[in-house]
Structures are given as C-alpha cells and as structure tokens.
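Student:
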Amino acid sequence: MDNVSDSPLQALLVDDNATNIALASALLKKFKLDATIASDGQQAVGRSKEKRYDVILMDCLMPNMDGYEATTIIRQDPQNPNSETPIIALTGNASPEDREACLSAGMSDFLEKPLRPMNLIKVLGKWTHFTTPS
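So in this note's numbering, spot 36 of the sequence shown is number 75, and the numbers just go up one at a time.
What follows is the structure, given as structure tokens:
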C-alpha cells in the first residue's frame, strides 16, 4: 500500500479535532503522503494560497469558518494555486443531502469519518496519481 510515484503527494488536511487529525495523518504517512495541517477553514484558505497541493481533505463542520465556506473561497479565487485541486469532504454526516451540500460548495468528492484506509485509497486513486502496488 505504498505510493509508487517518484515524489510524495502533497495533502492539505483540514480538521478541528485532534483525534481526527492524528488518525488521518497516520494514514497519510502510511501511504507516503506529505500532509500539511490546518485546524479550521480560515487556516485552510491561508495555506491553500501558499503552495499547490495534490489533494485537500476538508472537514465540513469547524469553528471560525466551515469547510463549505473555505471550499467556496478557494474555488472562486483564480489566483489561488488550489482553485482546481480536488477537495475531498470529510464528514460524519453521510446523508444524500450532506453529499449534495458538499458537491454544491465545490467539493470534488466525499469521505465518511472515521476514515477507512480502503475508502481513502479509492478516493486518492480517483483524484490523484496515487497508486498502490498490485
């Protein structure tokens, strides 16, 4: 289950819960992804302007600025190097309405929390050059 690309993928992990950050960071590290952490939507918007990421994993519900608003701001700024980067919603709410809210905000896809390794692999493979050995 390693990323077989020559260079590690760069991920922006956005979540306000320390346990969720620790679990997701451990999974990303296991899959050889370099993760930058943001603890709310405001930090995510700021960090998204600093460098290009291969994927953004965005919690939906956070203080200060939620993931929906942060995603909308990132998408609407043509100067942001991540305006077209895949943004994957991270949420404990898995209803069809929640999924539609994520997609309407400009998120590319949807992962339920807690993160499951195989679901993360599937979504990373769909939206990035992440691959696993056969």
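Positions of the beta carbon are idealized from the N, C-alpha and C atoms, including for glycine.
How would you write the range of the beta strand (DSSP E) that A74 sits in, first residue to last?
Tutor: D73 to A77
Student: With a 10 Å radius around its C-beta and 16 neighbouring C-beta atoms as the bar for buried, classify M40 as buried or exposed.
Tutor: Any reading at M40 must be qualified, since the residue scores a pLDDT of 42, below 50, and its modelled position is unreliable; the value itself is stated next. Flag for M40 reads exposed.
Student: Assuming contact is defined by CB atoms lying nearer than 7 Å, are I95 and T124 in contact in what I supplied?
Tutor: yes
Student: Mind checking which residues open and close the beta strand (DSSP E) that includes A50?
Tutor: Q49 to V53
Student: List the DSSP bridge partners of F149.
Tutor: A128
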